[in-house]
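Novice: Structure below; questions to follow.
There are 2 protein chains.
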Amino acid sequence: MQEYISKAVIKRLPRYYRYLGELESAGIERISSEELSRIMKVTASQIRQDLNNFGGFGHQGYGYNVETLKNEIASILGLEIPHQLIIIGGGNLGKAIAGYPKFAERGFHVNAIFDNDDSVVGDRAGEMTVRPMGELDEYVRTHPTDIAVLAIPKGAAAEIADRLYGLGIKAFWNFAHVDLHLPDDAYSENVHLSDSLMQLSYRLKHTN
Amino acid sequence: MQEYISKAVIKRLPRYYRYLGELESAGIERISSEELSRIMKVTASQIRQDLNNFGGFGHQGYGYNVETLKNEIASILGLEIPHQLIIIGGGNLGKAIAGYPKFAERGFHVNAIFDNDDSVVGDRAGEMTVRPMGELDEYVRTHPTDIAVLAIPKGAAAEIADRLYGLGIKAFWNFAHVDLHLPDDAYSENVHLSDSLMQLSYRLKHTN
């Protein structure tokens, strides 16, 4: 039944996952859609609708089992499968991503970081050292890698994505400010930071 | 009529804004919804629906005037009003944001960056130097500031947001992995980087 979950619901699942993780850490075993609604600030009916999409773990009067629901969402999101990542771009953004401890906890292992700038190669980035781009092809051929993080300027992104696709990488987490045009069996998640800043600007203009 | 634009449409406007900016830079004056559909990879009917929300600048057979449409979207998003930002957190993420040149082009001026870690204070960040947190209150009192960027760990975010709200800041661009609970006249845009990584994980699991 997972195949029929809409994209909008999928986009909301990470937030459920985060809240359920916090409830679990707090030792809470069961939660009603009403309580979840109060903490997450979405309607209980939205929560019931969303969670019914994959079988509905709620039981009338009992609520949801926090751990079961969290694990089911993790499974839908593919979080039970470890992912091997590399970062292209050893600037501040690449380094910030390299040093982010939560990714590994969720099974996203960042194993290497590359840059073409000699002044950056050799820098520390998290637990790693920035490698020269000349080592990229050999690295990817010899280390299983399924996600490439593109923390590079817009102008370089398409060429690098092509090169990585040629090396067998199909998934791109793209921070470059350009939509990648990839072959049909590849896909990217774009992080356009300024888009979210524009949402804030909209609210500043229209809320006051 | 702008008051009636749905949140979903507002979320899509930055992407229109980006594409229209590129078309304008390329010297293109008019574009049909079909052409825009092809480049943006959304349906022409979605484009017409979205753009009709604010008056419909398209003319049957003529298409949209690129500059007019871009400027109208900029105005809806409040981009014609300059914003004054400060960054809390001088780590790699704070520095990455501080050094991002596009923000200023769109009227988001980052004027100062603060950190409570002595080993970071004094570092270069974009064109700035990281200031100690002890200077924050005085800075905000003497420099008009409408957006605070929180590039700090989760544990510190709520307290810092409260302090900034007390200083009169109402808008938070929040990179800390926690949903802020703010007074009714304040709001935040949360950037949960790992949420987007989980979307990629979902696609890796279900597309192959």
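If you're matching them up, the sequences are chains A and B in order. Note that this note's numbering gives residue 35 to position 35 of the first sequence, counting from 1, and the numbers run on in steps of one. Note that this note's numbering gives residue 299 to position 91 of the second sequence, counting from 1, and the numbers run on in steps of one. Using N, Cα and C, we set each Cβ at its ideal position, and we do this for glycine too.
Can you name, in chain order, every residue of its own chain whose Cβ lies under 6 Å from the Cβ of Asn-116/A, other than the five neighbours on each side?
Specialist: Mapped onto the first sequence, residue 116/A falls at position 116. If we look at Asn-116/A and ignore the five residues flanking it on each side, its Cβ neighbours are Met-133.
Novice: Which class does Glu-397/B belong to by DSSP, given the choice of helix, strand or coil?
Specialist: Translated into the one-based positions of the second sequence, residue 397/B becomes position 189. In the structure shown, Glu-397/B adopts extended strand secondary structure according to DSSP, grouped into three states.
Novice: For the region 101 to 125 of chain A, which residues have a beta carbon sitting closer than 7 Å to at least one beta carbon of chain B?
Specialist: Lys-102, Phe-103, Arg-106, Phe-108
Novice: What whole-angstrom Cβ distance do Gly-90/A and Phe-108/A have, given they're in contact under 8 Å?
Specialist: In the first sequence, counting from the first residue as 1, residue 90/A sits at position 90. In the first sequence, counting from the first residue as 1, residue 108/A sits at position 108. Not really, about 18 Å apart at Cβ, beyond 8 Å.
Novice: Which stretch, first to last residue, makes up the beta strand (DSSP E) that contains Asn-260/B?
Specialist: Locating residue 260/B in the second sequence gives position 52, counting from the first residue. Unbroken run through Asn-260/B is the alpha helix (DSSP H), 252 to 260; no beta strand (DSSP E).
Novice: In its own chain, which residues sit with a C-beta less than 6 Å from the C-beta of Gly-334/B, not counting the 5 before and 5 after it?
Specialist: The residue you call residue 334/B lines up with position 126 of the second sequence. Around Gly-334/B: Ala-306, Gly-307.
Novice: Cβ closer than 7 Å: which chain A residues qualify as neighbours of Lys-278/B?
Specialist: On the second sequence, position 70 is the one that residue 278/B refers to. Chain-order list of chain A residues neighbouring Lys-278/B: empty, with the shortest C-beta distance near 13 Å, by a criterion of under 7 Å.
Novice: Is there at least one Cβ from chain A nearer than 7 Å to Glu-397/B's Cβ?
Specialist: On the second sequence, residue 397/B is found 189 positions in, with the first residue counted as 1. Yes, Glu-397/B lies at the interface with chain A (some Cβ there is under 7 Å from its Cβ).
Novice: Can you tell me which residues form a DSSP beta bridge with Gln-199/A?
Specialist: Indexing the first sequence from 1 puts residue 199/A at position 199. The partner list for Gln-199/A (beta bridge, DSSP) is empty, contrary to what the question assumes.
Novice: Over the uninterrupted beta strand (DSSP E) stretch that includes Val-418/B, give me the two end residues.
Specialist: Since the first and last residues shown for chain B are 209 and 416, residue 418/B lies out of range.
Novice: According to DSSP, simplified to helix, strand and coil, what is Phe-175/A?
Specialist: The count along the first sequence starts at 1 and reaches residue 175/A at position 175. The DSSP-derived three-state label of Phe-175/A is coil.
Novice: For a quick check, are the C-beta atoms of Val-66/A and Ile-31/A less than 7 Å apart?
Specialist: The sequence position of residue 66/A within the first sequence is 66, counting from 1. The sequence position of residue 31/A within the first sequence is 31, counting from 1. Yes, the Cβ-Cβ distance between Val-66/A and Ile-31/A is below 7 Å.
Novice: Determine whether the Cβ of Asp-195/A lies closer than 7 Å to any Cβ atom of chain B.
Specialist: Translated into positions along the first sequence, residue 195/A becomes position 195. Closer than 7 Å to some Cβ of chain B, the Cβ of Asp-195/A qualifies, so yes.
Novice: With 16 as the cutoff for other CB atoms within 10 Å, does Arg-314/B come out buried or exposed?
Specialist: One-based indexing of the second sequence puts residue 314/B at position 106. Its Cβ being crowded by 16 or more others within 10 Å, Arg-314/B is buried.
Novice: Put Thr-207/A into one of helix, strand or coil per three-state DSSP.
Specialist: The residue you call residue 207/A lines up with position 207 of the first sequence. It is helical.
Novice: Inspect the beta-carbon positions of Tyr-225/B and Ile-281/B and report whether they are closer than 7 Å.
Specialist: Here residue 225/B refers to the residue found at position 17 when the second sequence is read from its first residue. Here residue 281/B refers to the residue found at position 73 when the second sequence is read from its first residue. Result yes, Cβ atoms of Tyr-225/B and Ile-281/B sit closer than 7 Å.
Novice: Mind reading off the beta-carbon distance from Ala-356/B to Phe-383/B? Whole number of angstroms is fine, and I expect it under 8 Å.
Specialist: Residue numbering aside, residue 356/B sits at position 148 when the second sequence is read from its first letter. Residue numbering aside, residue 383/B sits at position 175 when the second sequence is read from its first letter. Going by Cβ atoms, the distance from Ala-356/B to Phe-383/B rounds to 11 Å, so no, they are not a contact pair.
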